[in-house]
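The listed protein sequences correspond, in order, to chains Z and P. So the first sequence is numbered by numbering that gives the first Met the number 0: it starts at 0 and just counts up by one. So the second sequence is numbered by numbering that gives the first Met the number 0: it starts at 0 and just counts up by one. A quick write-up on the structure given underneath.
Number of protein chains: 2
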Amino acid sequence: MNRFYEYIRHYTAHPVTSQEQDVLQHAFRPKKLRKRQYLLQEGDICRHLSLITKGAMRQYSVDEKGGEHTVQFGIENWWMSDRESFELGSPSKYNIDAWEDTELLQIGYDDWWRLRSEIPAMRILTAEMDKRHAVASQKRIHAAITLTAEERYLEMMKSQPAFIQRFPQNMIASYLGISPETLSRIRKQAFLRGD
Amino acid sequence: MNRFYEYIRHYTAHPVTSQEQDVLQHAFRPKKLRKRQYLLQEGDICRHLSLITKGAMRQYSVDEKGGEHTVQFGIENWWMSDRESFELGSPSKYNIDAWEDTELLQIGYDDWWRLRSEIPAMRILTAEMDKRHAVASQKRIHAAITLTAEERYLEMMKSQPAFIQRFPQNMIASYLGISPETLSRIRKQAFLRGD
DNA sequence: CGGATCGTTGATCAACTTCAACGGTCGTGG
DNA sequence: CCACGACCGTTGAAGTTGATCAACGATCCG
Chain Z
0 MNRFYEYIRH YTAHPVTSQE QDVLQHAFRP KKLRKRQYLL QEGDICRHLS
50 LITKGAMRQY SVDEKGGEHT VQFGIENWWM SDRESFELGS PSKYNIDAWE
100 DTELLQIGYD DWWRLRSEIP AMRILTAEMD KRHAVASQKR IHAAITLTAE
150 ERYLEMMKSQ PAFIQRFPQN MIASYLGISP ETLSRIRKQA FLRGD
Chain P
0 MNRFYEYIRH YTAHPVTSQE QDVLQHAFRP KKLRKRQYLL QEGDICRHLS
50 LITKGAMRQY SVDEKGGEHT VQFGIENWWM SDRESFELGS PSKYNIDAWE
100 DTELLQIGYD DWWRLRSEIP AMRILTAEMD KRHAVASQKR IHAAITLTAE
150 ERYLEMMKSQ PAFIQRFPQN MIASYLGISP ETLSRIRKQA FLRGD
């Protein structure tokens with residue numbers, strides 16, 4: 000958990016007192032997942048927010064033809080959840096699973112809302128998360144309606160190189176909203192031009 | 000402002016006390032815009048959050064060729080801002096202007112953060128806004144990478160009919176990420192099939 | 001070693017864009 | 001108040017982009 004307190008201090012500029020550590024200790028539960036193991040399956044209700052402390056995961060939907068569409072990637076220090084299902088208590092349309100062996104810290108809905116009022120640092124952390132999430136979402140939406148497939152890929156290489164290194168190409172393609180073949184050809188073009 | 004207190008109570012289930020009304024009264028400033036008037040221009044820093052009390056607005060970027068790309072529409076009871084610019088204090092890449100004559104309630108960054116700690120209802124309102132925003136963003140991203148142009152349009156007709164009625168077709172097209180001609184043809188198809 | 005998965009490549013096909021032209025409507029200035 | 005210009009939606013034709021289908025080699029893992 001020490002790395003977690005460090006994480007909180009880093010994002011909130013608030014040190015965590017030892018009483019607060021006690022409270023956090025009880026609210027967050029560690030969990031381990033093997034590669035390919037589900038954290039959430041379509042139809043489940045998402046009961047937890049999960050902070051990745053080690054590993055790599057993805058959130059995706061599956062269409063009628065079996066095609067997968069990646070909504071979100073996550074690695075160390077990213078939070079994973081189906082926000083819609085978590086907040087509304089509705090069955091999820093998404094799957095979340097581990098792409099690498101993964102370690103998490105999980106917190107349930109009630110504890111999450113309680114801690115936000117009890118611990119100032121958690122309030123700030125939440126606001127910070129929401130802020131970053133809002134900014135990132137706006138960027139991705141803008142990219143989706145504005146950029147071509149190639150531009151979206153190059154943009155991702157710049158802003159999210161870690162994802163490109165740790166996830167296979169077909170998942171990257173499904174995140175960009177293009178077919179794996181198209182991504183393969185785009186990379187070839189870009190490489191021939193000299194990256 | 001009475002409608003605003005009503006708005007807060009509706010979304011937070013917290014009535015606003017008369018002392019709180021005083022505080023809110025000083026923090027929020029009414030503003031009127033004529034049709035086509037800018038609220039924010041590219042390069043400006045977005046200093047306010049604006050709640051639309053009457054009218055219709057849009058947020059959009061302009062590319063090198065002069066093409067417009069609509070990121071967000073807003074009508075009564077929607078908040079408008081470039082969240083990235085507002086939170087980070089960075090120059091905006093977007094324009095926001097009025098499509099109809101519009102009335103707003105505006106609040107600045109410092110007041111916004113102060114009220115979130117001083118007034119419980121504002122804390123709840125903020126959390127609710129962020130929650131809704133997160134859910135809506137996830138949906139739109141998923142639609143963008145999953146659905147065809149026609150499916151995105153039909154989805155928008157279902158979930159946002161007010162926008163389709165109040166904004167012209169070329170703006171709807173730029174919101175969906177397709178050309179105005181394509182949208183025209185899609186509508187013709189859908190109409191011939193019987194809506 | 002054998003099967004599954006992944007990335008690549010080619011050929012064909014579908015979706016969407018672009019360019020151009022036209023008619024209708026609306027707002028504005030003379 | 002009318003006439004003109006600007007803008008909008010529509011339609012057609014041609015051009016691009018990306019999807020699909022199929023085949024193949026490489027790699028990884030059991």
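From the three backbone atoms N, C-alpha and C, an ideal C-beta is built for every residue, glycine too.
For residue i, count neighbouring C-beta atoms within 10 Å of its own C-beta (all shown protein chains included) and say buried if the count is 16 or more, exposed if not.
{"i": "Ser116(Z)", "result": "exposed"}
{"i": "Leu87(P)", "result": "exposed"}
{"i": "Ala97(P)", "result": "buried"}
{"i": "Glu83(Z)", "result": "buried"}
{"i": "Gln229(P)", "result": "This structure gives no information on residue 229(P), because the portion of chain P shown stretches from 0 to 194."}
{"i": "Val15(P)", "result": "buried"}
{"i": "Phe85(P)", "result": "buried"}
{"i": "Ala161(Z)", "result": "exposed"}
{"i": "Ser89(P)", "result": "exposed"}
{"i": "Ser183(Z)", "result": "exposed"}
{"i": "Leu191(P)", "result": "exposed"}
{"i": "Glu5(Z)", "result": "exposed"}
{"i": "Glu19(Z)", "result": "buried"}
{"i": "Tyr37(P)", "result": "exposed"}
{"i": "His141(P)", "result": "buried"}
{"i": "Asp81(Z)", "result": "buried"}
{"i": "Gln40(P)", "result": "exposed"}
{"i": "Ser199(P)", "result": "The structure shown has nothing for residue 199(P), since chain P only spans 0 to 194."}
Which residues bound the beta strand (DSSP E) around residue i?
{"i": "Lys30(P)", "result": "Arg28 to Leu32"}
{"i": "Val61(Z)", "result": "Met56 to Val61"}
{"i": "Ile106(Z)", "result": "Thr101 to Gly107"}
{"i": "Ser49(P)", "result": "His47 to Lys53"}
Is there a Cβ from chain P that is less than 7 Å from the Cβ of residue i?
{"i": "Glu149(Z)", "result": "no"}
{"i": "Gly176(Z)", "result": "yes"}
{"i": "Thr145(Z)", "result": "yes"}
{"i": "Ile163(Z)", "result": "no"}
{"i": "Ile185(Z)", "result": "no"}
{"i": "Arg57(Z)", "result": "no"}
{"i": "Ala133(Z)", "result": "yes"}
{"i": "Glu46(Z)", "result": "Per the sequence presented here, residue 46(Z) reads as Arg, with Glu not at that position. Cβ-Cβ to chain P under 7 Å: no for Arg46(Z)."}
{"i": "Ser84(Z)", "result": "no"}
{"i": "Ser17(Z)", "result": "no"}
{"i": "Ser158(Z)", "result": "no"}
{"i": "Ser136(Z)", "result": "yes"}
Go ahead and pull the three-state DSSP assignment for residue i.
{"i": "Asn76(P)", "result": "coil"}
{"i": "Ile7(P)", "result": "helix"}
{"i": "Ala97(P)", "result": "strand"}
{"i": "Val134(P)", "result": "helix"}
{"i": "Ile44(P)", "result": "strand"}
{"i": "Gln20(Z)", "result": "helix"}
{"i": "Thr69(Z)", "result": "strand"}
{"i": "Met0(Z)", "result": "coil"}
{"i": "Ile157(Z)", "result": "According to the sequence provided, residue 157(Z) is Lys. The question's Ile does not apply to it. Lys157(Z) falls in the helix class under three-state DSSP."}
{"i": "Thr145(Z)", "result": "helix"}
{"i": "Ile118(Z)", "result": "coil"}
Would you mind reading off the limits of the alpha helix (DSSP H) that contains residue i?
{"i": "Ser91(P)", "result": "Note, Ser91(P): premise wrong, no alpha helix (DSSP H); not H, not E."}
{"i": "Leu38(Z)", "result": "From DSSP, Leu38(Z) is part of no alpha helix (DSSP H) but of the beta strand (DSSP E) over Tyr37 to Leu39."}
{"i": "Ala12(Z)", "result": "Run containing Ala12(Z): none; DSSP gives neither H nor E here."}
{"i": "Ser183(P)", "result": "Pro179 to Leu191"}
{"i": "Gln164(Z)", "result": "Pro160 to Arg165"}
{"i": "Met170(P)", "result": "Gln168 to Leu175"}
{"i": "Leu87(Z)", "result": "Arg82 to Leu87"}
Quick check on residue i - is its C-beta less than 7 Å from some C-beta in chain Z?
{"i": "Asp129(P)", "result": "yes"}
{"i": "His25(P)", "result": "no"}
{"i": "Val61(P)", "result": "no"}
{"i": "Ser89(P)", "result": "no"}
{"i": "Ser80(P)", "result": "no"}
{"i": "Arg139(P)", "result": "yes"}
{"i": "Val22(P)", "result": "no"}
State yes or no: is the C-beta of residue i nearer than 6 Å to some heavy atom of the ligand PLP?
{"i": "Phe166(Z)", "result": "Ligands displayed in this structure: none; no statement on the ligand PLP is therefore possible."}
Practice prompt. With 9 Å as the C-beta to C-beta threshold (strictly closer), list the residues of the stretch 0 to 14 of chain Z near chain P in chain order.
Written response: Against chain P - using a Cβ distance shorter than 9 Å - the stretch 0 to 14 of chain Z contributes no residues.
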